[in-house]
Amino acid sequence: MEQSKLQEIIKNYKNRSNGDLKLAMEELNKDFEQTKEMLMKLTYHLDATEKIYNDILNEYKVRGNK
Numbered sequence: 004m005e006q007s008k009l010q011e012i013i014k015n016y017k018n019r020s021n022g023d024l025k026l027a028m029e030e031l032n033k034d035f036e037q038t039k040e041m042l043m044k045l046t047y048h049l050d051a052t053e054k055i056y057n058d059i060l061n062e063y064k065v066r067g068n069k
């Protein structure tokens, strides 16, 4: 679905047909699921980056640096 059509449905959903509402819900659900998946991947990436950083920082401190 084109972004402009989705925006039109969202702006005026009370006066749109059930078919339009169904299309909008499908698009919004797809967007929600994609966003959720990206956030989960980014969370894992951030956690891994933080662990590696902390491991390197601890080694740096062990070597007598502050």
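Under the working numbering, the first residue of the sequence shown is numbered 4, with each subsequent residue one higher.
Think of the CB as a built atom: it goes at the ideal place given N, C-alpha and C, for glycine as much as any other residue.
- About 11 Å separates the beta carbons of Y16 and L9, which is beyond the 8 Å limit, so they are not a contact pair.
- With fewer than 16 other Cβ atoms from the protein chains shown falling within 10 Å of its own Cβ, A51 counts as exposed.
- Within a 10 Å sphere around the beta-carbon of I59 sit fewer than 16 other beta-carbons, which makes this residue exposed.
- Per DSSP, Y16 is not a residue of any alpha helix (DSSP H), being assigned neither H nor E.
- In terms of Cβ geometry, L26 and I12 form a close pair [threshold 9 Å].
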